[in-house]
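Single-structure report; data block below.
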Amino acid sequence: MDPSRRDAGTRRDPKEFAMRLPRLLSTLLSVATALFAGSASAAVDEPLGPIMSPGELQAGGLLLGGPGGLRAAPTISTEVEIQVTGLIARTHVVQRFLNPTTDWLEGVYVFPLPEKAAVDALHMRVGERILEGHVQERVAARASYEKAQREGRKASLVEQERPNVFMTSVANLGPGEEIEVRIAYQEDVAYDQGRFSLRFPMVVAPRFIPGARAVTGFAGTGWGSNTDQVPDAARITPPIAPPKVRHDHPVTIRARIEAGFRLAEVESASHSIRVRAEHGDTYAVELDGGPVQADSDFVLGWQPVVGRAPAAALFREQWKGEQYALLMVLPPEPENARQTRLSRETILVVDTSGSMGGESIEQARGAVSEALSRLRPEDAFNVIRFDSSFSRLFPDSRPADAEALEIARRWVGRLRAQGGTEMLPALGAALAP
1 MDPSRRDAGT RRDPKEFAMR LPRLLSTLLS VATALFAGSA SAAVDEPLGP
51 IMSPGELQAG GLLLGGPGGL RAAPTISTEV EIQVTGLIAR THVVQRFLNP
101 TTDWLEGVYV FPLPEKAAVD ALHMRVGERI LEGHVQERVA ARASYEKAQR
151 EGRKASLVEQ ERPNVFMTSV ANLGPGEEIE VRIAYQEDVA YDQGRFSLRF
201 PMVVAPRFIP GARAVTGFAG TGWGSNTDQV PDAARITPPI APPKVRHDHP
251 VTIRARIEAG FRLAEVESAS HSIRVRAEHG DTYAVELDGG PVQADSDFVL
301 GWQPVVGRAP AAALFREQWK GEQYALLMVL PPEPENARQT RLSRETILVV
351 DTSGSMGGES IEQARGAVSE ALSRLRPEDA FNVIRFDSSF SRLFPDSRPA
401 DAEALEIARR WVGRLRAQGG TEMLPALGAA LAP
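Right, here's the structure in full:
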């Protein structure tokens, strides 16, 4: 190449460069603006959790809708107050969330409840606005919600999809607004073998959806497709986040037990607690060590001191000018605690579906082995496992002799988690005469 031409190609006319400088600076400014805009957008999305995906586990929370799908909003706090009066437990839950984005969004609040709980109060605070819940039929409630949404008013819609899963739709959440949800519900306390217990659920687990997929649309915010056996699957499969992505979800739990009797024991099989006896037959319970993560249900149990004579407790309450009373009678301790034990037939049904993978199937095998160790030679037994199908250990129940128990232990040790959760045929086989 001619050196003169190479030199000419690298020279710049000062006047021409001065004329092109404003365009060059404008281009650089546009690129910088685009880069900063991308960074700002990333900063807005970063506080939210990942896009929801099916088949995994997450505690209840607030999910914010956006162009890419639903994402978990940051949980500021969760406070739980449980008041037990005899056989009735009333629970108040207060949860606070934040919309950390710069956009107006619609949210879906998912929360688990005990299966037999009755929700009787719902209050929401969005920014400076306070919303109070009213009970309506599903169709009328959704019409009211959609009307408020169109008018730009704050609104929420609570729909019970199954006895233990509630979802609340929340419209028009402003940028940077804090959302506070207050719910209250009542339930019966469980009583079995002289022991009282209750469970506060903090986890929404994925559901097994059997049947062939039905082309009927989703008609809901869930991840599941409607099937011929579960036509509302899209409404009962709330969005859930990958378990590897952990968001801070602190929960504070306090309980007050008015048992009506002196208690011999108050304990939790799930969490470490502190118990303080108050006046009369009242006991205060709180978590030992402060707030915990919402990664497992809270289980509380208590056992009264049993005497030789029946004991009675009377609870009274006034509501809207009416008087209500609850009478609870505790049976006495049996005079002959060591009664003659009769032979029995025991049929153990084990869930070996895919959702039992990992520690769950190990615990199931351990529980069956423990149950087998308690059988006596005069007892009869059998074991049934199920996933997408079921099978028996023996064609019929066999005496619990040493040989049969050894066969059972080896069979149980080979159980693996796989397939679906077709429980009904297995239960039918176990209950068949």
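Number 5 in my numbering belongs to position 5 of the sequence shown; there are no gaps in the numbering. Beta carbons are placed, not taken as given, at the ideal position from N, Cα and C, and that holds for glycine.
Under the three-state DSSP convention, the category residue i falls into
i: L87; result: coil
i: S268; result: coil
i: A284; result: strand
i: A277; result: strand
i: P306; result: Note that residue 306 is Val in the sequence shown, not Pro. Coil.
i: T221; result: Confidence at T221 is low in this model, with a pLDDT of 45, below 50, so its placement is unreliable and no value can be given for it.
i: W104; result: coil
i: S197; result: strand
i: Q293; result: strand
i: M423; result: helix
i: L256; result: Note that residue 256 is Arg in the sequence shown, not Leu. Looking at R256 - three-state DSSP - the assignment turns out to be strand.
i: Q176; result: The sequence as given places Gly at residue 176; Gln does not occur at that position. Correct three-state label for G176: coil.
i: E115; result: coil
i: Q418; result: coil
i: S388; result: coil
i: V189; result: coil
i: R316; result: strand
i: S397; result: coil
i: S353; result: coil
i: L342; result: coil
i: L372; result: helix
i: A148; result: helix
i: G66; result: strand
i: A432; result: coil
i: R410; result: helix
i: A364; result: helix
Spatially closest choice to residue i from the options, by CA coordinates
i: Q418; options: N382, D387, E362, L405; result: D387
i: L330; options: R414, A311, A143; result: A311
i: L87; options: R150, R316, G280, S373; result: R316
i: R344; options: R398, W302, L122; result: R398
i: M124; options: V181, R71, A259, P74; result: V181
i: R254; options: I273, A269, E265; result: I273
i: Y109; options: T85, R129, A73; result: A73
i: T85; options: E258, H92, E177, R129; result: E258
i: V119; options: G420, A148, F261, T168; result: T168
i: P332; options: P304, E359, F390, I347; result: P304
i: T75; options: I179, L342, R129; result: I179
i: A171; options: R129, Y191, G194, Q193; result: R129
i: T346; options: F200, D396, D288; result: D396
i: L342; options: A380, S391, S355; result: A380
i: E403; options: L415, L375, A309, D288; result: L375
i: R414; options: N382, A309, R365; result: R365
i: D103; options: S355, Q83, G66, H249; result: G66
i: G358; options: N382, R416, S391, E322; result: R416
i: E286; options: A309, G61, Q83; result: Q83
i: T450; options: G61, M356, L48, D192; result: Residue 450 is absent from the structure shown; the chain starts at 1 and stops at 433.
Cβ-Cβ separation, residue j to residue i (assumed contact under 8 Å), whole Å
i: V350; j: L427; result: V350 to L427, Cβ: 12 Å. No contact.
i: L63; j: G107; result: 6 Å
i: S369; j: V412; result: 6 Å
i: V299; j: V251; result: Wrong, their Cβ atoms sit about 14 Å apart, outside the cutoff.
i: L393; j: A408; result: 6 Å
i: I384; j: A429; result: 6 Å
i: L263; j: L173; result: Their Cβ separation, rounded to whole angstroms, is 44 Å, which puts L263 and L173 out of contact at 8 Å.
i: Q297; j: M202; result: According to the sequence as given, residue 297 is Asp; it is not Gln. Yes, they are in contact, since the Cβ atoms of D297 and M202 sit about 6 Å apart, within 8 Å.
i: V306; j: G194; result: 7 Å
i: T91; j: F200; result: 7 Å
i: A294; j: H249; result: 4 Å
Residues near residue i by beta carbon distance below 7 Å, same chain, minus five either side
i: L24; result: Unreliable placement is indicated for L24, whose pLDDT of 34 sits below 50; the coordinate value is still reported in the next sentence. Same-chain partners within the cutoff: there are none.
i: L314; result: A325, L327
i: L372; result: L405, A408, R409
i: A367; result: none
8 Å CB neighbourhood of residue i in its chain, flanking five on each side removed
i: D401; result: P377
i: Q318; result: Y324
i: A269; result: V299, G301
i: S389; result: G419, E422, P425
Same chain only: Cβ atoms within 6 Å of residue i, ignoring 5 sequence neighbours per side
i: A284; result: R256, R276, E278
i: A121; result: A184
i: V189; result: L87, A89, F196, L198
i: D288; result: S272, I273, R274
i: A266; result: In the sequence on display, residue 266 carries Val and not Ala. So the list reads V275, Y283, W302, once near-sequence residues are dropped.
i: E132; result: H123
i: P433; result: none
Give a yes or no on contact between the segment 179-194 and the segment 113-122, applying the rule of three or more CB pairs nearer than 8 Å.
yes
When you compare the segment 72-80 with the segment 88-102, are there three or more beta-carbon pairs, one atom per stretch, that lie closer than 8 Å?
yes
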